[in-house]
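Here's the structure we're looking at; comments come further down.
2 protein chains.
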Amino acid sequence: MAKEKPGIPKGTRDFDPLEISRREHIFNTIREVYRLHGFRPIETPAMENLSTLMGKYGEEGDRLIFRILNSGDFPSKVKEEDWQSRNASLISSRICEKALRYDLTVPFARYVVQHQHKITFPFKRYQMQPVWRADKPQKGRYREFFQCDADVIGSDSLANEAEIMQIIDKVFSQLNIDVIIKINNRKILAGLAGLIGFPDRFTEITTAIDKTDKIGLENVSRELIDRGLTKEAVDKLLPVLELTGTNHEKIQMLQDLLSSSELGMQGLSEVQEVFDIVEVTPLHCRLELDLCLARGLNYYTGAIIEVKSADVNIGSLCGGGRYDDLTGIFGLPGVSGVGISFGADRIYDVLQALSRFPDSTGTFSQVLAINFGPVERNYCLPALENLRSIGVQCEMYPEPAKIKKQLQYADKNNIPFVLMAGEEEMKKKLFSLKDMRTGDQQQLMLEQITDVLMKYFDR
Amino acid sequence: MAKEKPGIPKGTRDFDPLEISRREHIFNTIREVYRLHGFRPIETPAMENLSTLMGKYGEEGDRLIFRILNSGDFPSKVKEEDWQSRNASLISSRICEKALRYDLTVPFARYVVQHQHKITFPFKRYQMQPVWRADKPQKGRYREFFQCDADVIGSDSLANEAEIMQIIDKVFSQLNIDVIIKINNRKILAGLAGLIGFPDRFTEITTAIDKTDKIGLENVSRELIDRGLTKEAVDKLLPVLELTGTNHEKIQMLQDLLSSSELGMQGLSEVQEVFDIVEVTPLHCRLELDLCLARGLNYYTGAIIEVKSADVNIGSLCGGGRYDDLTGIFGLPGVSGVGISFGADRIYDVLQALSRFPDSTGTFSQVLAINFGPVERNYCLPALENLRSIGVQCEMYPEPAKIKKQLQYADKNNIPFVLMAGEEEMKKKLFSLKDMRTGDQQQLMLEQITDVLMKYFDR
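Right under this line is the structure:
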C-alpha cells in the first residue's frame with residue numbers, strides 16, 4: 001500500500017494530552033456546576049435525520065450542515081431527470097438522509113418531543129457534545145467544536161433565569177476568570193421600537209443595535225437612518241442606549257420612558273425580578289443590564305444573556321436566553337424554556353491568555369519507577385500497585401534502558417517524582433525517591449513515600 | 460413549517476440521564492484505571508480524510524465507512540464521464556473527501572506519524588471516543604458506539620502486555636464483574652501450523668480455530684478438512700486445542716510438542732514471561748492460555764488478548780494484542796505496540812444483567828427545596844447555596860406549584876430528600892427535611908441538615 005502523508009480535514013483538530021487535560025478542566029467545571037444545580041445529562045447521536053435539521057437554522061445554516069452520503073448503491077435511487085440536473089441541492093437531498101449535529105438545541109427539541117411521555121417537566125437538562133459546521137475555518141472558528149448547553153424547559157418562572165446567573169457566576173469563579181454578565185430583554189427592545197415610532201422595524205433596529213460593541217453607536221445610528229428610520233427616531237433612541245448608572249438607575253429611567261408601553265414595562269419588570277432573586281445570594285461577578293445586547297432575537301422571546309471576559313477582549317464566552325416555543329416545530333407547542341451555552345474554545349483561549357490553568361493540568365504520571373532489570377522491576381511493581389491503591393498515578397519504564405533515557409522520559413512527560421531501587425535499596429527494603437524539580441533524593445520506606453506524595457499532591 | 464414526527468437514524472441512540480450516569484460509571488472507571496497506569500489521553504476529529512481510512516479495514520470495512528458529502532456545488536467537480544457511469548464507488552470517491560472515524564486505531568496511527576516529533580516514546584495513550592460504522596443494526600450492534608482504547612507504542616517489552624493484564628483486572632474488579640482473561644500468541648499458532656505440516660495455511664487454520672467457541676471443535680475440524688487439510692493433520696491438531704490443565708501444564712506440554720519450532724518456542728516463552736511478570740502482583744481474575752483464541756491475526760503479531768464475563772454469555776468484553784507495524788502505512792515503519800479496547804456497550808449489558816450498577820447512578824439532585832412562594836423561596840435559596848458549597852447537588856422547584864406536584868417531581872427524579880420551610884420554620888430559623896424513602900420528617904438547623912446529608916451520601 002502507498003504511503004500517505006498524514007493530515008486531518010481543515011477546521012478540525014487533534015488534541016494532545018496537555019490540551020485534553022486543560023479542556024477537561026473546563027468541561028469538568030461546567031459539568032460539576034450543572035450537576036450542583038440539579039441538571040441532568042442527556043446525549044443525542046452525532047447523526048440526525050437530515051429532515052430534523054433542515055430549515056431550522058435559516059438558509060445559511062442549511063448550507064453549513066454536513067451531510068452523510070447514503071450507503072450502498074446510492075446513485076441508482078436517484079431519478080434520471082434529477083441525476084441529469086446536476087443540481088447540488090436537489091441531488092444531495094436524494095443521496096443523503098442523514099447529517100451531522102449542527103447544534104445541541106434542535107436535537108434537544110427533537111429529544112423532548114420524541115420522549116415527552118417519559119420526561120418529568122420542568123426538565124433541567126445539560127448536554128456537552130461536539131457539533132459540526134461547514135463554516136470557512138478561521139482563527140478561533142472550527143468545523144468541529146464542543147458545546148456545553150443547559151436548559152430548563154416547561155417552566156416560565158423567572159427563578160430559572162436567576163439560577164442561570166448563579167450557574168454562570170459559579171463556573172467562572174471556579175475557573176478563576178473575571179466576567180461581566182450582560183442581560184437584556186426582548187420586550188424592552190420591542191418597547192423601545194414602539195417608543196420611537198417604529199414598532200414594525202424591530203428586526204432592523206435590533207440587528208443594528210447588536211453591532212454597537214463592534215462598530216460604535218455613531219455607526220449604528222448611521223445604519224439605522226440608512227435603513228429608513230427618521231433622524232428624530234434615532235435621536236430619541238440613542239440617549240436610551242447610552243444610559244449609564246447602576247442597574248437600578250437604568251431601570252428607573254426606563255420605567256419613566258416606557259410607561260406607556262405595556263410590553264416594555266413587562267420586560268422591565270422581568271429584568272427587575274431576575275435581579276431581585278439573584279440578590280438573595282449575591283454573585284461574585286458584575287451583572288449588568290445592557291440595552292445594546294440584542295442577539296438571537298429570531299428565537300429569544302424574553303431574557304437575553306451574554307457573558308464577556310473582564311480582562312480579555314475575545315467576544316462572548318457564554319450566551320443564552322428565553323424562548324417560548326422550542327418544540328413546536330416537532331409537534332409539541334407551548335413549551336417555554338430558558339438556556340445557556342458555554343463556548344469551551346473561547347474559555348480555553350482566555351485561560352491560556354491569562355495563564356490560569358491549574359498547575360496539575362498536564363501531569364499524568366506522578367511517579368516513574370526506573371527499570372534497572374527484571375529483579376529490580378519485580379521489587380518495584382508491588383510498590384507501584386500500592387501507590388495506585390491510594391490514587392497515585394504511576395508507571396514503570398517498560399524496559400531496562402539507559403537511566404539517562406528513562407530520566408528524560410520522566411522529564412518530557414512532566415513526571416514530578418522518580419522511584420529507584422538497586423541492590424542497596426533492596427537489601428535495606430527501601431526505595432530512593434527523587435524529586436525531579438529540586439533533584440533531591442532520599443532513601444525511604446514505602447509508607448514514607450506515600451506520605452511525601454500525599455503531601456505534595458495535597459490529598 | 461410542517462410538523463415532523465421526530466425520530467433518529469436507525470442504529471443510533473439517545474441516552475437519557477439514567478443511561479448517561481450508568482455509562483459514565485463505566486467510562487470513568489476505565490479512564491481512572493488508565494490514568495493510574497500513566498496513560499495519557501488524546502482525541503482525534505470525528506472526521507478524517509477519506510484517504511486516511513480507505514484500505515485500512517479490508518474491502519468489507521471500506522463499504523462500512525460513513526462518507527461525508529463535500530460542501531458546495533459538488534456535482535460540478537465530477538467529470539461528465541464519471542457522472543454518467545452512476546457507479547456508486549467511483550462517484551462517492553469524487554464527491555466525498557471526508558469520512559467518519561471507523562475505529563480509534565487508524566486515527567491513532569495517523570496521529571503518531573503526524574505528531575511524531577513532539578511525542579516521547581514509548582507513548583502510552585488512551586482514547587475514548589465514538590466511532591461510526593454503516594453496519595446492519597441488530598441487537599447489541601449499533602452504527603454509533605464508543606470505544607475505550609489504550610496502547611503502548613514504541614516498546615516491545617513484554618512488561619507492557621503484563622501491565623495490560625493488570626489494567627483489565629483492575630477495571631473489572633472495580634466494576635464488580637467477574638471475568639476470565641484469555642491470552643494466546645500468534646507465534647504459538649504459527650508453530651502449530653508448522654507442526655501439522657501446513658505452515659502456509661496459517662490464515663485458514665486460524666480462521667477456523669477462532670470459531671471453536673461458537674461452533675465447537677468437531678465442526679472446526681470438519682471445516683479444516685473442507686479447506687484442504689489432511690485428516691492426519693487435523694488429528695494432530697485437535698488434541699493440542701483440547702489441552703486442559705493449568706497454564707503451566709499447558710506450556711510444558713506445548714514445549715515438548717513445539718520443541719523443533721523456533722517460532723513456536725518463542726511464542727511460548729513470551730507467554731511464560733507475561734505470566735511471570737503478572738504473578739509479581741497477582742490478579743483477582745482468572746488468566747488463561749487459550750489456544751483457540753485466534754482473532755485479529757491479520758494485524759496481531761504476538762500476544763492476543765480477550766476478556767469474557769464469567770457469568771453472562773455475551774461475547775468479548777475487551778480485546779487486544781500486539782502488532783509490530785502500526786504506523787508503517789503512514790510512513791513510520793518499525794513501531795511496535797500493544798493495545799486493548801474495552802467495549803462499553805457489552806459491559807453495560809453485563810452490569811445490567813447482573814444488577815451491578817451502583818445505587819448512586821440515576822440520582823442527580825440530592826435535595827429538592829419546595830417552593831411555597833417568593834418569601835419562603837428566598838429563605839431557602841441561601842441554604843441551597845450553602846449545601847452546594849459542600850458538594851450537595853440540589854435545586855429549588857422553580858414555581859410555587861401545588862405541593863403534590865412538587866413532591867411528584869422529587870419522586871420521579873429519584874431525589875432522596877426534600878427541604879421545606881414555611882412560616883413556622885422561618886420563625887424558628889429551621890428547615891424541615893423529609894426523607895423520601897421513609898417519609899420521616901424533622902425540623903433541623905442547616906448544620907444538622909448538612910450532617911444528615913454528609914452521612915447519607917457517605918462523604
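As given, the protein sequences belong to chains A and B, one line each in that order. Numbered as in the working numbering, the first sequence ends at 459 without a single skipped number. Numbered as in the working numbering, the second sequence ends at 918 without a single skipped number. Glycine included, C-beta positions come from ideal geometry on N, C-alpha and C.
Below-8 Å beta-carbon distance, Met913/B vs any chain A residue: no
Spatial distance of Phe39/A from Val113/A (CA atoms): Distance between the alpha carbons of Phe39/A and Val113/A is about 19 Å.
Below-8 Å beta-carbon distance, Asp473/B vs any chain A residue: yes
Contact belief for Ser341/A with Gln147/A at Cβ below 8 Å, rounded distance in angstroms: 5 Å
Proximal residues to Leu224/A (C-beta, below 6 Å), its chain only, five neighbours per side dropped: Ala208 and Val234
Inter-residue Cα distance where the pair is Glu603/B and Pro45/A: 7 Å
Limits of the unbroken alpha helix (DSSP H) element including Met426/A: Glu423 to Lys428
Bridge partners - Ile639/B, DSSP secondary structure assignment: Residue pairing by DSSP places Ile639/B opposite Arg745/B and Lys767/B in a beta bridge.
Met420/A - partner residues in DSSP beta bridges: Ser432/A
Any C-beta of chain B under 8 Å from that of Cys394/A: yes
Beta carbon of Glu273/A nearer than 8 Å to that of Leu293/A: Taking 8 Å as the Cβ cut-off, Glu273/A and Leu293/A do not qualify as a contacting pair.
Minimum Cβ-Cβ distance from Glu603/B to chain A less than 8 Å: yes
Within chain A, the residues that Gly497/B reaches when beta carbons sit closer than 7 Å: Phe364, Ser365, Gln393, Cys394 and Glu395
Closer than 7 Å at the beta carbon, the chain B residues around Lys412/A: Thr579
Alpha-carbon to alpha-carbon, Val739/B and Lys429/A: Spanning the alpha carbons of Lys429/A and Val739/B requires a straight line of approximately 16 Å.
CB contact check: Val531/B to chain A, cutoff 8 Å: What sits at residue 531/B in the sequence shown is Gly, not Val. Yes, contact with chain A.
Contact list for Gly7/A against chain B, beta-carbon separation under 7 Å: Asn508 and Gln573
Outcome for Arg815/B when other beta-carbon atoms lying within 10 angstroms are tallied against a minimum of 16: exposed
Chain A contacts made by the stretch 706-731 of chain B, where a contact means CB separation under 8 Å: none
Residue-level contact to chain A via CB, Thr760/B, 8 Å cutoff: With 8 Å as the cut-off, Thr760/B does not count as an interface residue toward chain A.
Proximity test, Cβ basis, 8 Å: Glu540/B and chain A: no
Stretch-stretch touch, CB-based, cutoff 8 Å, three pairs: the stretch 77-92 of chain A with the stretch 102-122 of chain A: no
Partners in chain A for Ser614/B, counting only beta-carbon separations shorter than 8 Å: Pro398 and Glu399
Backbone CA spacing between Met460/B and Tyr57/A [nearest angstrom]: Reliability fails at Met460/B, whose pLDDT of 45 lies under 50, so the model's placement of it is uncertain and the value that follows must be treated cautiously. Met460/B and Tyr57/A have their C-alpha atoms some 13 Å from each other.
Asn160/A Cβ short of 7 Å to the ligand NAP heavy atom set: What this structure holds is no ligand at all, so the ligand NAP is not there to describe.
Straight-line Cα distance separating Tyr379/A from Asp446/A: One point to set straight first is that residue 446/A is Leu, not Asp, in the sequence displayed. Roughly 12 Å separates the two Cα atoms.
Segment contact flag, the stretch 833-849 of chain B with the stretch 650-657 of chain B, C-beta cutoff 8 Å, min 3 pairs: no
Local Cβ density within 10 Å of Thr689/B, reported as buried at 16 or more and exposed below that: exposed
Where the alpha helix (DSSP H) containing Asn378/A begins and where it ends: Pro374 to Ser389
Member of Cys394/A, Leu287/A, Arg86/A and Lys124/A whose CA lies at the smallest distance from the CA of Phe468/A: With chain A covering only 1 through 459, there is no way to say anything about residue 468/A.
CB contact check: Val418/A to chain B, cutoff 8 Å: no
4-residue-minimum alpha helix (DSSP H) runs that sit fully inside the stretch 213-292 of chain A, ordered along the chain: 231-241, 247-257 and 262-278
Asn837/B: contacting residues in chain A (beta-carbon distance under 8 Å): Ile277 and Val280
Below-8 Å beta-carbon distance, Phe66/A vs any chain B residue: yes
Close beta carbons around Leu332/A, own chain, < 8 Å, minus the five adjacent residues each side: Val112, Val113 and Gln116
Rounded straight-line distance, which links the Cα of Ala88/A to that of Gly321/A: The straight-line gap from Cα to Cα measures roughly 36 Å.
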